[in-house]
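Remarks on the structure that follows.
Number of protein chains: 2
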Amino acid sequence: MNQKKAIVMMSGGMDSSVCAAIAKAEGYNISALHINYGQRTQERELRAFNDVADNLGISQRMVVDIGYLARIGGSSLTDNLIPVSKADLKSNEIPTSYVPFRNANILAIATSWAEVLGATALFIGAVEEDGSGYPDCRSEFFEAFERMIKLGTKPETSIRIFTPLIHLSKKDIVIRGIELNAPLHLTWSCYASEDIACGVCDSCALRLRGFEQAGISDTIQYATIQ
Amino acid sequence: MNQKKAIVMMSGGMDSSVCAAIAKAEGYNISALHINYGQRTQERELRAFNDVADNLGISQRMVVDIGYLARIGGSSLTDNLIPVSKADLKSNEIPTSYVPFRNANILAIATSWAEVLGATALFIGAVEEDGSGYPDCRSEFFEAFERMIKLGTKPETSIRIFTPLIHLSKKDIVIRGIELNAPLHLTWSCYASEDIACGVCDSCALRLRGFEQAGISDTIQYATIQ
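Each protein sequence line maps, in turn, to chains A and B.
If you're matching positions, the first sequence starts at 1 in my numbering and goes up one per residue.
If you're matching positions, the second sequence starts at 1001 in my numbering and goes up one per residue.
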């Protein structure tokens, strides 16, 4: 019997690495998709992606450049004129780091690849987590995307979207990662810098709070801890 | 009052050029999106895109390269090992020229751009036309994509997808193009070659039949006419 195939979106960050470990534990043969979209920390994330994929034994990888998202602009992650906002985990505002419709662009690529490979599952480590507030990280969005895939691919194609972290807190993600032996020490989360994590951007703040609440120490280096 | 804004997908082909002429006639301020996806006739289509945009007075243009679709493969349009099938307009099979999930990739880019520009409309010249059979050219697909946009963009974003040609025959498209003075003579439709249209691929066959049924002569040159 053929092993079931999945495409896993892997940024090199903590969430997508735990997501990949979950897909692996569920018995999928994984093809890993990494996206460069002109983000500030592109090189560092690519290194983390390869380190994590090595660690998990994933050999089929595709790196896709969608630098047009940086040309389109509208986000502090890709536009140097928009500052990366300091985390405000209590705010309801969509952070400046929101890249317009990024996840739809990434999932469209993954779906094209899945249709050609005959993969039946897309795994994405999106998290609704209080405070992140990106519209394209909510379950309703992924459900709508899955329905759209059904209508936009060949009749014999059957692709489901799995978001195993969607309702987890960062604390739960850290704990799940440790349980599955996911290589958290190889991941990169900081939105602002590539050498030492800043400790104050949205992404660092959420990660640090998660480790703290899980009672586990984060072994990567930080410049500042709030 | 600000003029309403639209993104129009423009390949340089006949359908999307008529679609752009329709959007213009409806009073939209148009930004034109052209996609290179590693198709055989990429250079020729880009030239047609610029010629048509010049003719329609569209100055805001973006050309995006999604060559990863060629790396992903699965289509005769991007993979030289898969022959471009001769047209069989009576068949129910999906033609080899189907590029897996191409329209979703293109619409995702258009949506990102629309969200940043504040455009409220996406125009795409997709046609359900008997015989083309691409799953991502059907109204149900576009309706599902529109619902997905609503859930995946900021709450204040409102983007609708318009497919004014979806139920038209190629004959009707030719007639509509002539009525609107769309520059059909500058468009390029052939999937197989870049100098003189082959006349026998799916796209040429549909175009030629449309002109013939409309009783209008197509002024571009063909190598062979079936």
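We treat Cβ as the ideally placed atom computed from N, Cα and C, and that holds for glycine.
Being a predicted model, the structure only gives us computed values, none of them experimental.
>> When you compare the CB of B/MET949 with every CB in chain A, is at least one pair closer than 8 Å?
In response: Given that chain B is displayed from residue 1001 to residue 1226, the structure contains no residue 949 of chain B and the question cannot be resolved.
> Is it buried or exposed for A/GLY118, if we count other Cβ within 10 angstroms and need 16 for buried?
Replying inline: A/GLY118 comes out exposed.
> Quick one: what does DSSP say A/ASN36 is sitting in, helix, strand or coil?
Replying inline: Three-state DSSP puts A/ASN36 in a strand.
> Just curious, the beta strand (DSSP E) that B/VAL1063 is in, first and last residue?
Replying inline: 1060-1065
> What residues in its chain sit with their C-beta under 6 Å from that of A/GLY177, if we drop five residues either side in the sequence?
Replying inline: VAL18 and LEU184
>> By the three-class DSSP mapping on this structure, what secondary structure does B/ARG1047 have?
In response: B/ARG1047 carries a helical assignment under DSSP once its states are collapsed to helix, strand and coil.
>> Which complete alpha helix (DSSP H) runs does the segment 112-142 of chain A hold, if anything under 4 residues is left out?
In response: none
>> Are the CB atoms of B/GLY1012 and A/ASN103 within a distance shorter than 8 Å?
In response: For A/ASN103 and B/GLY1012, no; Cβs fall outside 8 Å.
>> Can you look up B/PHE1002 in the DSSP assignment and give me helix, strand or coil?
In response: Reading off the sequence shown, one finds Asn at residue 1002 of chain B, where the question assumed Phe. B/ASN1002 falls in the coil class under three-state DSSP.
>> Taking only three categories from DSSP, how would you classify A/ALA214?
In response: helix
> Nearest-angstrom Cα distance between A/GLN42 and B/ALA1114?
Replying inline: 24 Å
> Taking 8 Å as the CB-CB cut-off, is A/TRP113 touching chain B?
Replying inline: Taking Cβ atoms only, chain B reaches closer than 8 Å to A/TRP113, which makes this a yes.
> For the segment 1121-1140 of chain B, which residues have a beta carbon sitting closer than 8 Å to at least one beta carbon of chain A?
Replying inline: Answer in chain order: PRO1135, ASP1136, ARG1138 and GLU1140.
>> List, in chain order, every chain B residue whose beta-carbon is nearer than 8 Å to that of A/GLY73.
In response: VAL1116
>> Taking beta-carbon pairs under 8 Å, can you tell me which members of the segment 1038-1070 of chain B lie near chain A?
In response: The segment 1038-1070 of chain B vs chain A, Cβ under 8 Å: MET1062, VAL1064, ASP1065, ILE1066, TYR1068 and LEU1069.
>> On the CB-based measure, 16 or more other CB atoms within 10 Å of its CB, does B/ASP1195 come out buried or exposed?
In response: It is exposed - the Cβ of B/ASP1195 has fewer than 16 other Cβ atoms within 10 Å.
> By how many angstroms is the C-alpha of A/VAL200 removed from the C-alpha of B/VAL959?
Replying inline: The structure shown does not extend to residue 959 of chain B, since chain B is modelled only from 1001 to 1226, so the question has no answer here.
>> Less than 6 Å between C-beta atoms, sequence neighbours within five positions excluded: which residues of the same chain meet that for B/TYR1222?
In response: ALA1197 and GLY1199
> Is it true that the CB of B/MET1009 sits closer than 8 Å to the CB of B/ILE1313?
Replying inline: This structure cannot settle anything about residue 1313 of chain B, because the visible part of chain B is limited to 1001 through 1226.
> Taking just the CA atoms, how far does B/ASP1136 sit from B/PHE1101?
Replying inline: 6 Å
> In the structure shown, what three-state DSSP assignment does A/PHE145 receive?
Replying inline: Helix at A/PHE145.
> Got a sec: is the Cβ-Cβ distance from B/LYS1005 to anything in chain A below 8 Å?
Replying inline: no
> Name the chain B residues whose beta carbon is nearer than 9 Å to that of A/ILE22?
Replying inline: Within 9 Å Cβ-Cβ: nothing; A/ILE22 doesn't reach chain B, min ~23 Å.
>> Taking 8 Å as the cut-off, does the segment 1026-1033 of chain B touch the segment 1052-1070 of chain B (at least 3 CB pairs, one atom from each stretch)?
In response: yes
>> Below 7 Å on C-beta distance, what does A/GLY12 contact in chain B?
In response: The contacting residues do not exist; A/GLY12 stays about 18 Å from chain B at best.
> So, helix, strand or coil for B/ILE1030, using DSSP?
Replying inline: strand
> If A/LEU46 sits next to A/ASN105, beta carbons under 8 Å apart, how far is it from one beta carbon to the other, in whole angstroms?
Replying inline: Not really, about 18 Å apart at Cβ, beyond 8 Å.
> Quick one: Cα of A/ALA182 to Cα of A/LYS171, how far?
Replying inline: So the two alpha carbons sit approximately 14 Å from each other.
>> Here's the rule I'm using: 16 or more other beta-carbon atoms within 10 Å means buried, otherwise exposed. How should B/VAL1063 be labelled?
In response: Under the 10 Å beta carbon count, B/VAL1063 is surrounded by fewer than 16 other beta carbons and is classified as exposed.
> Whose CA, out of B/GLU1143, B/SER1139, B/LYS1150 and B/ARG1138, lies closest to the CA of A/GLU140?
Replying inline: When C-alpha distances from A/GLU140 are compared across B/GLU1143, B/SER1139, B/LYS1150 and B/ARG1138, the shortest belongs to B/LYS1150.
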